[in-house]
Amino acid sequence: MLSSLDIAKQKLIEISIALSSETDLSRLLKMIINELRLLTNADGGSLFLVENGHLRFEVAQNNTLMYLEDEEYQLFKKFEIPISEGSIAGYVALTGKILNIPDVYELSADYPFQFNPEFDVRNNYHTQSILAVPLKDHTGTIIGVLELINAMNNQGAPVPFSEAHENLVLSLASLAAVAINKARLIQTIQNLFEAEREQNRRNLEAIFRSVNDAIITVDQQKRIIAANDAAREICGLDPQEIVGREFGRVNSSCTQSCYEALKDILGTAKTIKDYRLECRQQTRPHQIVTISSSPLRDNNDKNIGTVLVIRDLTRVAEMEGELRARYNLHNMVGKSHQMQGIFHLLDELMNTDTTVLITGETGTGKELIAKALHYGGVRGAKPMITVNCSALPENLLESELFGHVKGAFTGASKDRVGRFQAAHGGTIFLDEIGDITPNLQLKLLRVLQEKTLERVGDSTTYPVDVRVIAATNCDLKKKVGLGEFREDLYYRLKVLEIAVPPLRERREDIPLLINHFLTLFNKSFNKSIEGISQDALRTFMMYP
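According to our numbering, the sequence shown is numbered sequentially starting from 44.
Here it is, written out as structure tokens:
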């Protein structure tokens with residue numbers, strides 16, 4: 044038969060194993076108090092832990108009070124006491140000594156520590172004996188204090204704690220301190236993980252709420268898991284109302300084009316990016332959106348749903364249209380600094396009657412600029428007459444410009460209206476103006492000065508209301524210096540000059556021109572060519 048000492052040792056081993064396996068601090072502290080009360084047959088007990096230079100009360104148990112009240116009876120609310128000589132627990136924490144007090148109400152006034160009867164008064168209880176033991180870890184640091192109250196004899200009467208009780212409690216206290224430190228460390232790590240997880244959750248929620256794109260997540264059954272506030276504006280969906288409902292059955296003011304287009308990928312592992320479509324709703328009838336979709340996966344990389352990101356590109360599409368209009372003015376294409384400068388100048392000149400001289404190499408688009416000036420301005424509804432001044436000899440060119448009467452020269456069998464009169468109210472475009480003869484230069488100067496003309500072979504003066512736009516691929520100023528072009532006519536024509544750069548000086552416009560011509564050719568030949576190869580583009584960009 045085992046002795047009482049052997050039984051106590053066996054019990055200590057069982058308790059030490061139980062303490063080492065418990066990692067929850069709250070449960071561990073309750074277990075420590077309970078096991079010590081059972082070992083010492085104490086009626087009650089409490090435990091304090093050192094925290095920030097104080098003793099913080101953690102847990103208390105008392106058989107008598109729990110029997111009178113109930114198991115959930117709260118003996119104490121959380122409180123702290125100073126680590127000092129004034130209280131029993133404070134003295135033990137300060138000195139590291141054990142206090143075994145047979146009767147707390149008979150403590151000598153000479154002792155620095157005294158018993159506080161508040162607990163007894165509040166609970167109509169009588170504390171007699173107290174055994175207070177420091178909790179020291181493996182380094183000897185005091186981490187807390189254990190207090191056991193009223194050791195009970197076999198008849199249920201309070202008696203003092205024995206020396207054997209002291210030894211049992213001391214043996215368990217060191218084990219308890221190690222277990223407490225381990226549990227506190229684990230709890231600290233868990234708290235850090237939880238705090239980090241909570242912060243990540245809050246960050247994700249903040250991102251989820253703040254992004255301008257609508258974000259909708261659905262599970263494998265296409266039920267909506269979550270949606271952010273942007274879904275209300277873009278999709279016309281109330282996030283609070285749609286969660287838990289099937290995506291295709293929610294009441295929405297939009298056409299649900301995204302669901303029709305993506306029903307085959309929702310809830311699958313497929314991924315799409317920037318699928319563009321028109322998604323109309325009552326308040327936004329011309330809405331353009333792009334949709335991206337990615338699978339949702341759990342920790343085991345199993346597909347559990349789909350996340351949809353719906354981006355409103357309506358304003359972007361409008362801006363693209365504005366840019367296209369800006370980069371493509373009356374069939375002139377260009378985003379380069381030079382072309383944008385020309386477009387800006389055209390905007391200012393379209394609704395004026397100012398004579399304009401367009402200069403530039405052959406093939407740079409001088410006639411396109413002349414047409415833009417005419418058709419974009421107030422004279423756009425009137426005729427625009429083009430004359431290539433280098434294509435006709437002097438006598439025929441004079442007749443073409445000013446007209447002639449019957450018999451004015453051989454072959455003039457009837458009266459003819461010239462190009463200036465034909466352009467009345469509109470615009471006359473004089474291409475290759477640098478090639479006209481001095482005689483024609485003088486007659487043209489008179490028309491520009493007096494706004495009248497005479498037909499060949501006629502003395503009658505005819506008024507003309509014509510805007511003159513001239514173009515040349517030669518250096519007129521140099522020709523003036525050589526005496527080949529009238530200086531006064533030059534300055535009459537060059538009220539404003541638009542110099543058109545060759546393509547080699549605005550290579551960044553080449554990709555735009557490629558797309559422009561592809562669009563024209565695809566439409567003309569019913570093709571769907573999307574672009575050219577990088578090698579071809581590189582050849583174009585490097586061509587001198």
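Backbone N, C-alpha and C fix where the C-beta goes; we use that ideal spot for every residue, glycine too. These numbers come from a predicted model, not from an experiment.
Pair within 7 Å by beta-carbon distance, G469 and K425 | The beta carbons of G469 and K425 sit closer together than 7 Å.
When the Cα of M382 is compared with those of A219, T231, I131 and I541, which residue comes out closest?
-> Measuring from the Cα of M382, the nearest candidate turns out to be I541.
Can the beta-carbon of H208 be found less than 7 Å from the beta-carbon of T83?
-> Taking 7 Å as the Cβ cut-off, H208 and T83 qualify as a contacting pair.
What do you reckon, are the CB atoms on I412 and I401 nearer than 7 Å?
-> Remark: C-beta atoms of I412 and I401 approach each other more closely than 7 Å.
Tell whether a beta-carbon distance below 7 Å holds between I277 and A249.
-> With a cutoff of 7 Å on beta-carbon distance, I277 and A249 are scored as not near each other.
For F204, the nearest candidate out of L218, L435, L191 and L519 (CA to CA) = Looking at L218, L435, L191 and L519, the one whose alpha-carbon comes closest to that of F204 is L191.
Cutoff 8 Å; reference L98; Cβ partners in own chain excluding five residues on either side | F91, L92, E123, I124, P125, I126, A132, G133, A136, G187 and V188, listed in sequence order.
Looking at C-alpha atoms only, which residue of E548, L519, F158 and I267 is the closest neighbour of R292?
-> When each option's Cα is compared against that of R292, the closest is I267.
Excluding five sequence neighbours on each side, which residues of the same chain lie with their C-beta closer than 7 Å to the C-beta of N255?
-> So the list reads A273, once near-sequence residues are dropped.
Whole-angstrom distance between R288 and I331, CA atom to CA atom | In this structure, the alpha-carbon of I331 lies about 25 Å from that of R288.
Given that a residue counts as buried once 16 or more other Cβ atoms are within 10 Å of its Cβ, and exposed if not, what is A175?
-> With 16 or more other Cβ atoms within 10 Å, it is buried.
So, do the region 519 to 529 and the region 420 to 439 have three or more beta carbon pairs nearer to each other than 8 Å?
-> Because the criterion of three Cβ pairs below 8 Å is not met, the region 519 to 529 and the region 420 to 439 do not touch.
Contacts around E128, its chain only, beta-carbon distance under 7 Å, and the 5 residues preceding and following it disregarded = Result list for E128: Y134, L137, P155 and F156, in chain order.
Taking only the alpha-carbon atoms, compute the straight-line gap between N234 and E241 and give it to the nearest angstrom.
-> When rounded, the distance between both Cα atoms is 10 Å.
Reference N516, options T405, Y534 and F564, closest by Cα = For the options T405, Y534 and F564, the alpha carbon positioned closest to that of N516 is the one of T405.
Give the DSSP-derived three-state secondary structure of T562 in the structure shown.
-> Helix at T562.
Smallest Cα separation from V352: which of D396, V261 and M74?
-> Selection D396, V261 and M74 evaluated against V352 yields V261 as nearest (Cα-Cα).
Alpha carbon to alpha carbon, how far is G310 from R340?
-> Unreliable placement is indicated for G310, whose pLDDT of 49 sits below 50; the coordinate value is still reported in the next sentence. Each residue's alpha carbon lies about 11 Å from the other.
Quick one, which of P201, I144 and T184 has its alpha-carbon nearest H169's?
-> It is P201.
Should L71 and E78 be called a contact, given that it needs their Cβ atoms to be closer than 7 Å?
-> In this structure, E78 does not lie closer than 7 Å to L71 by Cβ.
In whole angstroms, what separates the C-alpha of M427 from that of G450?
-> Looking at the two C-alpha atoms, the distance is approximately 28 Å.
Less than 8 Å between the CB atoms is what I'm expecting for H467 and V509, so what's the real figure, rounded?
-> Going by Cβ atoms, the distance from H467 to V509 rounds to 6 Å, so yes, they are a contact pair.
If you draw a straight line from the alpha carbon of T453 to that of P554, how long is it in whole angstroms?
-> So the two alpha carbons sit approximately 53 Å from each other.
Span of the beta strand (DSSP E), counted from its first residue to its last, around I572 | Per DSSP, I572 belongs to no beta strand (DSSP E) and is neither H nor E.
Taking the CB atoms as reference points, tell me whether L676 and L81 lie closer together than 7 Å.
-> The structure shown has nothing for residue 676, since the chain only spans 44 to 587.
Within 10 angstroms of the Cβ of Q35, are there 16 or more other Cβ atoms? Answer buried if so, exposed if not.
-> Because the chain here runs from 44 to 587, residue 35 falls outside it and cannot be looked at.
Beta-ladder partner(s) of D262, from DSSP = The partner list for D262 (beta bridge, DSSP) reads G348.
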